[in-house]
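Protein chains in written order, with the numbering used here: chain A, 1 to 153; chain B, 1 to 185.
Written out below as structure tokens is the structure these notes cover.
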């Protein structure tokens, strides 16, 4: 993969589209308790936006916008937040009890901890899938065969 | 919704053909694309069956996996498979699937298969009846996976977290250099 990315056409369209993709992913995460969707599928949509930037602009620009270290920290934060929300239930009675304010059904701010859990899972999935893509496809700069020959010699 | 059986059987036939093509083709890129076609057909099948949550998840995961697999495939120098398939592996997997089907027929054969779409577990009735009043979530799937079955989702998130940790550790080719060791490294 060349570090400069693809042609100027791809770069322009990427810049134009990527905001809408993140917006759509955020919508799926936020409205997961009202409409179909949820933290996991919305997180994958946001991860696809990151991956689009990485494929279109190259790894340097993508890591500038979301560094590997930042993504790792956000990933762990999401996982921890999910666990903390689960432990909040112990305060009310049992593990995973829905202790937050539930509001009225069919509103955005309803259903208590389900919305918070969706947010945590969306944060976790989006950053971790971005990390996995960079590990699988970008970290390996040279071809597989060259690496094998390096290991053999 | 009317009778959707013909559509489902068409999709099923497409998926079976796609799987066979993915196994039998000698080109890795063709195999990857065939597997993705099967996944997209599964997404459409979930949509027909009235499960939009799973359809969305299947669709986005399929897109992501397709990108990653194509990216990984075109990095290889040679995408054609040259070695022949191991006969022992094929025979043993066929025997395994035969045993699986046989035991499944033994278990379900005595009491008969449940009606298509009928729930196997009685507890799911409680979820459907008390989902909205108990959790105030309009989407019943969200109320099940994040409230009634929160343990399962926590386990799934843990599996995802640990596997991504392992993948990042094992697959990265450029090692991290600690500050302070940079001069000696």
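Ideal placement from N, C-alpha and C gives every residue a C-beta, glycine not left out.
Just so you know, these numbers come straight off a predicted model, no measurement behind them.
Backbone CA spacing between residue i and residue j [nearest angstrom]
i	j	result
residue 57/B	residue 46/A	13 Å
residue 127/A	residue 105/B	43 Å
residue 34/A	residue 84/A	23 Å
residue 63/A	residue 31/A	29 Å
residue 95/B	residue 108/A	52 Å
residue 62/B	residue 40/B	7 Å
residue 8/B	residue 46/B	9 Å
residue 127/B	residue 68/A	40 Å
residue 76/A	residue 13/A	32 Å
residue 12/B	residue 98/B	20 Å
residue 65/A	residue 83/B	43 Å
residue 52/B	residue 71/B	28 Å
residue 120/B	residue 60/B	29 Å
residue 17/B	residue 167/B	32 Å
residue 140/B	residue 7/A	45 Å
residue 74/A	residue 54/B	26 Å
residue 102/B	residue 78/B	40 Å
residue 169/B	residue 92/A	38 Å
residue 107/B	residue 113/B	10 Å
residue 29/A	residue 93/B	40 Å
residue 129/B	residue 159/B	31 Å
residue 109/B	residue 116/B	15 Å
residue 118/B	residue 151/B	24 Å
residue 27/A	residue 36/A	11 Å
Residues near residue i by beta carbon distance below 6 Å, same chain, minus five either side
i	result
residue 164/B	none
residue 161/A	Not covered by the structure: residue 161/A. The range shown for chain A is 1 to 153.
residue 135/B	143 and 147
residue 19/B	38
residue 71/A	127, 130 and 131
Classification of residue i by the beta-carbon crowding that lies within 10 angstroms, buried from 16 upward
i	result
residue 32/B	buried
residue 153/B	buried
residue 183/B	Confidence at residue 183/B is low in this model, with a pLDDT of 48, below 50, so the placement of that residue should be treated as unreliable; the coordinate-derived value is given next. By the neighbour-count rule (16 or more Cβ atoms within 10 Å), residue 183/B is not buried but exposed.
residue 89/B	exposed
residue 6/B	exposed
residue 78/A	buried
residue 100/B	exposed
residue 131/B	buried
Contact set for residue i: own chain, Cβ-Cβ below 8 Å, skip 5 residues either direction
i	result
residue 95/A	86, 87 and 89
residue 82/A	117, 120, 121 and 124
residue 112/A	98, 99, 100, 101, 102 and 103
residue 2/A	Caution applies to residue 2/A, whose pLDDT of 48 falls short of 50 and renders its modelled position unreliable; the value that the coordinates give is listed next. Around residue 2/A: 58.
Any non-hydrogen atom of the ligand MG closer than 8 Å to residue i Cβ
i	result
residue 104/B	Within the structure as shown, the ligand MG is missing, as the structure has no ligands at all.
Selection from the options that minimises the alpha carbon distance to residue i
i	options	result
residue 42/A	136/A, 56/A, 76/A and 118/A	118/A
residue 122/A	63/A, 15/A, 22/A and 9/A	22/A
residue 66/B	48/B, 118/B, 35/B and 140/B	35/B
residue 138/B	105/A, 130/A and 112/A	105/A
residue 98/A	107/A, 115/A and 108/A	115/A
residue 16/A	113/A, 58/A, 112/A and 52/A	52/A
residue 132/A	111/A, 54/A and 112/A	54/A
residue 3/B	49/B, 126/B, 118/B and 125/B	49/B
residue 5/A	25/A, 40/A, 60/A and 66/A	60/A
residue 156/B	40/A, 7/A and 26/A	40/A
residue 162/B	36/A, 8/A, 26/A and 80/A	80/A
residue 149/B	166/B, 124/B and 169/B	124/B
residue 74/B	167/B, 145/B and 29/B	29/B
residue 10/B	44/B, 93/B and 24/B	44/B
residue 85/B	118/B, 23/B and 129/B	23/B
residue 110/A	91/B, 133/B and 111/B	133/B
CB-CB length for residue i against residue j, believed under 8 Å
i	j	result
residue 26/B	residue 68/B	Actually they are not in contact, since the Cβ atoms of residue 26/B and residue 68/B sit about 22 Å apart, beyond 8 Å.
residue 56/A	residue 10/A	5 Å
residue 135/A	residue 76/B	Rounded, the Cβ-Cβ distance is 17 Å, inconsistent with contact.
Sequence-distant residues of the same chain with beta carbon closer than 7 Å to residue i, five excluded per side
i	result
residue 15/B	38, 41 and 42
residue 21/B	34
residue 24/A	45
Per-residue contacts from residue i into chain D (C-beta, under 7 Å)
i	result
residue 121/A	Here chain D cannot be found, since the structure's protein chains are A and B.
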